[in-house]
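Going down the list, the protein sequences come from chains A and B.
Each residue of the first sequence is one higher than the one before, counting from 1 in our numbering.
Each residue of the second sequence is one higher than the one before, counting from 1 in our numbering.
Note that beta-carbon positions come from the ideal geometry of N, C-alpha and C, so glycine has one too.
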Amino acid sequence: MIEAKSIPEMENNPASTMEIAPEKRNSALLVIENLHVWFELKRLGFVHAGYVRAVDGVSFELDRGDSLAIVGESGSGKSSLMKTILGLNQPVKGDIIFDGQRLSELGGSQLRHYRSKIGFVQQDPYSALPPFMNLRSILSEPLKINRVSNSEERIRRILKVMDEVRLTPAEDFIQKFPHMLSGGQQQRVVIARAMVMEPKLIVADEPVSMLDASVRVEILKLMGRLQESHNLAVIYITHDLSTVRYFSKRIFVMYAGKIIEMSPVDEILNNPSHPYTLALLAATSEPDARNAEKMREVPAGEPPSLVNPPTGCRFHPRCPRAIAGLCEVKDPPYFTVAPDHQVACWLFE
Amino acid sequence: MPVSKLMRIQDLKLHFRSAAGVVQAVDGVDLDLFYNDAIVILGESGCGKTSFARAILRLLPRNVEAYTGKVLMNGNDLMGLSDEAFRREVRWVKMSMVPQAAMNALNPVLRVGDQVSEPLIVHAGASRETALKSAREMFQRVGVPVDFMNRYAFELSGGMRQRVAIAMALVTVPELVILDEPTSALDVLTQANIFNLLKRIKQDFDMSFVLITHDIATSSELAERVAIMYAGQIVEVSDATRFFSAPLHPYSQKLMASVPRLRGNQELEFIPGNPPSLIGIGQGCRFAPRCEFRFEKCDQDPPVINREGRLVKCWLYAEG
Numbered sequence: 001m002i003e004a005k006s007i008p009e010m011e012n013n014p015a016s017t018m019e020i021a022p023e024k025r026n027s028a029l030l031v032i033e034n035l036h037v038w039f040e041l042k043r044l045g046f047v048h049a050g051y052v053r054a055v056d057g058v059s060f061e062l063d064r065g066d067s068l069a070i071v072g073e074s075g076s077g078k079s080s081l082m083k084t085i086l087g088l089n090q091p092v093k094g095d096i097i098f099d100g101q102r103l104s105e106l107g108g109s110q111l112r113h114y115r116s117k118i119g120f121v122q123q124d125p126y127s128a129l130p131p132f133m134n135l136r137s138i139l140s141e142p143l144k145i146n147r148v149s150n151s152e153e154r155i156r157r158i159l160k161v162m163d164e165v166r167l168t169p170a171e172d173f174i175q176k177f178p179h180m181l182s183g184g185q186q187q188r189v190v191i192a193r194a195m196v197m198e199p200k201l202i203v204a205d206e207p208v209s210m211l212d213a214s215v216r217v218e219i220l221k222l223m224g225r226l227q228e229s230h231n232l233a234v235i236y237i238t239h240d241l242s243t244v245r246y247f248s249k250r251i252f253v254m255y256a257g258k259i260i261e262m263s264p265v266d267e268i269l270n271n272p273s274h275p276y277t278l279a280l281l282a283a284t285s286e287p288d289a290r291n292a293e294k295m296r297e298v299p300a301g302e303p304p305s306l307v308n309p310p311t312g313c314r315f316h317p318r319c320p321r322a323i324a325g326l327c328e329v330k331d332p333p334y335f336t337v338a339p340d341h342q343v344a345c346w347l348f349e
Numbered sequence: 001m002p003v004s005k006l007m008r009i010q011d012l013k014l015h016f017r018s019a020a021g022v023v024q025a026v027d028g029v030d031l032d033l034f035y036n037d038a039i040v041i042l043g044e045s046g047c048g049k050t051s052f053a054r055a056i057l058r059l060l061p062r063n064v065e066a067y068t069g070k071v072l073m074n075g076n077d078l079m080g081l082s083d084e085a086f087r088r089e090v091r092w093v094k095m096s097m098v099p100q101a102a103m104n105a106l107n108p109v110l111r112v113g114d115q116v117s118e119p120l121i122v123h124a125g126a127s128r129e130t131a132l133k134s135a136r137e138m139f140q141r142v143g144v145p146v147d148f149m150n151r152y153a154f155e156l157s158g159g160m161r162q163r164v165a166i167a168m169a170l171v172t173v174p175e176l177v178i179l180d181e182p183t184s185a186l187d188v189l190t191q192a193n194i195f196n197l198l199k200r201i202k203q204d205f206d207m208s209f210v211l212i213t214h215d216i217a218t219s220s221e222l223a224e225r226v227a228i229m230y231a232g233q234i235v236e237v238s239d240a241t242r243f244f245s246a247p248l249h250p251y252s253q254k255l256m257a258s259v260p261r262l263r264g265n266q267e268l269e270f271i272p273g274n275p276p277s278l279i280g281i282g283q284g285c286r287f288a289p290r291c292e293f294r295f296e297k298c299d300q301d302p303p304v305i306n307r308e309g310r311l312v313k314c315w316l317y318a319e320g
């Protein structure tokens, strides 16, 4: 882990971050405050060669039972953010407060308790499940790690969670191995494993992108149902805008390590503001034969390197509406365009 | 609408041997491809769509049990050719393919420029200089900077690698290009870029495209016609305009109802049950066990019915 004060680059990195209301620190389930996740690059194994600024000043809060989607392309930092929330990466600066407790202050058994309250649903169920374990072993593992030592109690909880994800009859499924299941059933096992510790938060990383169209809807509906019945908070990580509104209330759009727009789902679909969000929406297809007749407008270029991100607004080199003399110089702060709708773009000053 | 036929596929079968029995991956497919056509083969995983592409291009694994039927290209039966003649005269000369996950299938130890020019040298007998010259033109067309020709695959981004794979399929200017899931591993903006590229190529060259995908929404970016594949068979062939507004086959209708939409509030549906195993398929309509319109006749194999130019393999549309 790198200490924040040892990073000179951090000094001249004025963060355009959201202010978190002090009362939220205690009431919200999850508070992310000015989070920076940087990875050190080394040449020849020891010579310092800069940092990959995967997450660079992200703040938000998530209430109990609330749901949000983080949308971004590969390399936008959404996976680094997710792993940091899961406690798999260490932030170099900033705080994660879960249920009123700072993650950085937790140790040992407290950290294990923290992790048991966050369920993780992986993208590819086939590679997320160990091929040599049957469902009973897969689903009892989280319980064993969290010291549920009574085996009858374990079985009771496993059967309950299997019923909830509709892996029924549970008695038939419990002896099966992952390769005996279809893709949709495998994803149900992954969800059951995430749910078995009765978490308060589920982090789902593209949970339906590997599934066929007809199964995808089944899983989306299942997750929506679980969220409601357990009052779960959900962070849904995706690059596909079209599935977002089926179980998220808010959307955060990430680009090059920063959240550039945050808004309720319907608001962002009807009133997208950031030029990058506009581009994402314009590139998303709906099944329509007229699509074949026209070209899609796509901004030129590719997402920037996170080692040397562009100065000012990170989207300015690709932005069709960049303001010369401003966008490449100053990092835009958040401007409010509608209630609960913030955008980091100088066009809305 | 394209009219004259480039390829006629009749009763094409490709069965594999496996430990559990014979897998009927492609099981009696009839399909016509036209000049300057763009047809999408839509289907879920395991329906046999990639095997179908491999059967056309005769890229077969070793465990083939049966490989029969007719593939007529410009009137010549390709099934009669020996493997050597097929390799020399057809593959990459008359038709080529962008394989699934092509961006990860490039040779890591060859410069991408050499890789793109290789089909010309091997299949068209061009000299290295002319091949490199054509490759350079093709790089420009697919939007890869020409100085990238000296790079290796790992030095390019995913989108650029996909463009290189497309250049490799186009460089011999074949009559037919098969694209197997060309954008499934790419980001949204890159995906849109690749489809823009394919649309432009389609205008510039006189080529037919077969796009194989499970992604209904993006398939509409290129489709002039749509073929739906289910359990080794094609169950519906239609023009894209009528298909996307009102699909005929009950399976197609369910598939369309399962596509998440950006806007609107329609309820999403899913198809209960699983597709049948392709081992030892019985008589009758293969979708019947999951079909809500099922009736007595569905126990027999449904005929292909022509309904105002659209083909549908379903008893619901049979007269009488």
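Given that a residue counts as buried once 16 or more other Cβ atoms are within 10 Å of its Cβ, and exposed if not, what is residue i?
i              : result
S151 (chain A) : exposed
S229 (chain A) : exposed
S27 (chain A)  : exposed
N270 (chain A) : exposed
D331 (chain A) : buried
R245 (chain A) : buried
T277 (chain A) : buried
T183 (chain B) : buried
N291 (chain A) : buried
K258 (chain A) : buried
R307 (chain B) : exposed
G264 (chain B) : exposed
T336 (chain A) : exposed
P131 (chain A) : exposed
Which same chain residues end up closer than 7 angstroms to residue i when comparing Cβ atoms and leaving out the 5 residues on each side of it in sequence?
i              : result
E164 (chain A) : M195 and L226
M1 (chain A)   : A caution first: M1 (chain A) carries a pLDDT of 47, below 50, which makes its placement in the model too unreliable to give a value.
R242 (chain B) : R310
G87 (chain A)  : L103, L111, Y114 and R115
I20 (chain A)  : V31, E33, S59 and E61
Would residue i and residue j be called neighbours here (beta carbons separated by less than 7 angstroms)?
i              : j              : result
L176 (chain B) : S208 (chain B) : yes
R64 (chain A)  : A233 (chain A) : yes
L231 (chain B) : P276 (chain B) : At residue 231 (chain B) the sequence reads Ala, which differs from the Leu that was named. The answer is yes: Cβ separation under 7 angstroms.
V144 (chain B) : M160 (chain B) : yes
H274 (chain A) : E293 (chain A) : no
R216 (chain A) : I174 (chain A) : no
S238 (chain B) : R310 (chain B) : yes
I235 (chain A) : V203 (chain A) : yes
V71 (chain A)  : L189 (chain B) : no
F287 (chain B) : Y251 (chain B) : yes
V90 (chain B)  : S51 (chain B)  : no
P317 (chain A) : P310 (chain A) : yes
I39 (chain B)  : P287 (chain A) : no
K49 (chain B)  : I41 (chain B)  : yes
A135 (chain B) : S117 (chain B) : yes
Give me, in chain order, the residues of the same chain whose beta-carbon lies closer than 6 angstroms to that of residue i; leave out the 5 immediate sequence neighbours on both sides.
i              : result
T84 (chain A)  : V37 and P91
D30 (chain B)  : Q10
F86 (chain B)  : R58
A257 (chain B) : E269
N308 (chain A) : none
K78 (chain A)  : I70, G72, I237 and M254
Residues in the same chain with beta-carbon distance under 8 angstroms from residue i, minus the five sequence neighbours each way, listed in chain order, please.
i              : result
K5 (chain A)   : For K5 (chain A), the pLDDT reaches just 49, beneath the cut-off of 50, and the residue's location in the model is therefore unreliable, although a value from the coordinates is still provided. Closer than 8 angstroms at the Cβ level, and outside the excluded window around K5 (chain A), lies no residue.
T284 (chain A) : D240, L241 and S242
Q123 (chain A) : D205, E206, P207, S209 and M210
R166 (chain A) : R188 and L222
D32 (chain B)  : K5, M7, R8 and I9
N63 (chain B)  : F16, R17 and S18
Segment contact flag, the stretch 6 to 20 of chain B with the stretch 173 to 185 of chain A, C-beta cutoff 8 angstroms, min 3 pairs | no
Please list the residues of the stretch 230 to 248 of chain A that have a C-beta atom closer than 9 angstroms to any C-beta atom in chain B, keeping them in chain order.
-> H239, D240, L241, S242, T243, V244, R245 and Y246
Residues from the stretch 193 to 227 of chain A in contact with chain B, defined by Cβ distance under 8 angstroms = D212, A213, S214, V215, R216, V217, E218, L220 and K221
Return the residues of the stretch 112 to 134 of chain A that lie within a Cβ-Cβ distance of less than 8 angstroms from chain B, sorted by chain order.
-> none
Residues in the stretch 246 to 263 of chain B with C-beta within 8 angstroms of chain A's C-beta atoms, listed in sequence order?
-> K254, L255, M256, S258, V259, P260, R261, L262 and R263
Please name the residues in the stretch 209 to 230 of chain B whose beta-carbon is closer than 7 angstroms to at least one beta-carbon of chain A, in chain order.
-> H214, I216, A217, T218, S220, E221, L222, A223 and E224
Quick one, which residues of the stretch 37 to 60 of chain B are near chain A if we go by CB-CB under 8 angstroms, in chain order?
-> A38, E44 and S45
For the stretch 295 to 317 of chain B, which residues have a beta carbon sitting closer than 7 angstroms to at least one beta carbon of chain A?
-> none
Chain B contacts from the stretch 64 to 93 of chain A (Cβ-Cβ distance under 7 angstroms) = E73 and S74
Scan the stretch 159 to 172 of chain A for residues whose Cβ lies nearer than 9 angstroms to a Cβ of chain B and list them as they occur along the chain.
-> none
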